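In UniProt numbering, the protein residues as written are 1 to 344.
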């Protein structure tokens with residue numbers, strides 16, 4: 001199940017052991033919005049900083065204060081609970097004045113800005129996230145850690161779905177199986193989506209783990225679906241473009257893996273065979289996703305951290321600063337550098 005993520009990332013060659021999330025301030029996330037509110041419209045957009053609360057809890061709280069149903073509250077992405085995170089929410093308030101948010105919010109939630117906009121904030125409508133992470137009680141080879149970070153910057157990071165996608169104790173995959181087998185009834189549309197996403201993530205992580213093990217997670221094979229950096233489009237590697245290896249090395253191209261669903265795989269030949277073989281080892285998940293009507297999509301196997309920098313605050317405390325695209329997990333970068341005693 002999801003423990004393939006642990007197996008593939010917790011390798012003995014990591015140069016450090018460390019503690020992550022010693023306190024929420026050690027894991028800071030700032031959302032990079034795709035759109036900013038323009039000051040007019042039926043939706044009030046709120047720029048919120050929260051500490052020790054998850055995104056859904058804050059969305060419910062905002063809806064309660066505004067006297068609107070939960071579906072009237074939008075956000076672009078879920079952010080970690082055990083962190084200090086900054087993100088935008090939207091609340092549908094047509095023809096109504098906004099309440100005095102700060103007077104009714106707990107100290108852990110702070111409204112930094114509030115402006116109106118014509119549209120609701122939709123899930124996925126963000127460019128990425130900026131991270132400031134602090135690793136404490138670091139032990140190991142500091143020189144090798146410096147070299148390792150430089151390599152991560154140069155080569156990229158395996159784009160595993162983090163433990164957050166799989167729920168407490170990784171239970172979301174088991175719940176997805178129960179849902180597909182008809183032994184679990186889920187009426188909540190959002191909760192059902194969470195279980196479907198976990199099933200897809202499990203198959204993807206398995207494929208990425210196999211490509212990591214055979215050394216081809218950043219190497220193009222015949223039949224691979226290659227995606228342009230920062231773009232959603234991809235093309236099939238036919239072996240007739242001599243620039244592909246150079247563009248992969250420069251991270252202008254990335255190999256992709258499957259987000260499982262119905263329809264034919266984009267890949268061909270041995271790559272398609274490998275992906276199909278791995279999905280066949282999880283028939284309940286694969287067939288359940290197909291029956292649910294999800295279609296085949298692709299996700300890059302590698303992420304490129306932007307503006308990656310680091311410095312030692314003291315002999316045992318390392319701060320990392322970097323930006324990742326939407327959908328990428330900061331913990332995958334950390335797990336490639338340090339054993340923090342937990343996955344994700």
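Positions of the beta carbon are idealized from the N, C-alpha and C atoms, including for glycine. As the structure is a computational prediction, the values presented were derived from the model and not from experiment.
Residue burial is scored here from C-beta neighbours: residue 242 has fewer than 16 other C-beta atoms within 10 angstroms and is therefore classed as exposed. Residue environment: residue 231 is assigned as exposed (fewer than 16 neighbouring CB atoms within 10 Å of its CB, all protein chains considered). Scanning its chain for C-beta atoms nearer than 8 angstroms, with the 5 sequence neighbours on each side dropped, one finds around residue 105 the residues 61, 65, 111, in chain order.
If you ignore the 5 residues before and after residue 290, its C-beta comes within less than 8 angstroms of the C-beta of 260, 261, 262, all in its own chain and listed in chain order. Going by C-alpha positions, residue 188 is about 17 angstroms away from residue 165. Distance from the CA of residue 51 to the CA of residue 244, rounded to the nearest whole angstrom, comes to 44 angstroms. Judged by beta-carbon spacing, residue 121 lies beyond the 8 angstroms limit of residue 160, meaning their Cβ atoms are not closer than that value. Between residue 27 and residue 82, the beta carbon gap of about 6 angstroms places them in contact (Cβ cut-off 8 angstroms). By the C-beta density criterion, residue 309 is exposed, having fewer than 16 other C-beta atoms within 10 angstroms. Per DSSP, residue 305 is not a residue of any alpha helix (DSSP H), being assigned neither H nor E.
Excluding sequence positions up to five before and after residue 233, its CB lies within less than 8 angstroms of the CB of 227, all in the same chain and listed in chain order. Judged by DSSP secondary structure, residue 151 falls within the alpha helix (DSSP H) whose first and last residues are 142-155. Residue 139 is bridged by DSSP to 17. Taken through DSSP and simplified to helix, strand or coil, residue 33 comes out as strand. The shortest CA-to-CA distance from residue 74 to any of 221, 31, 84, 88 is the one to 88.
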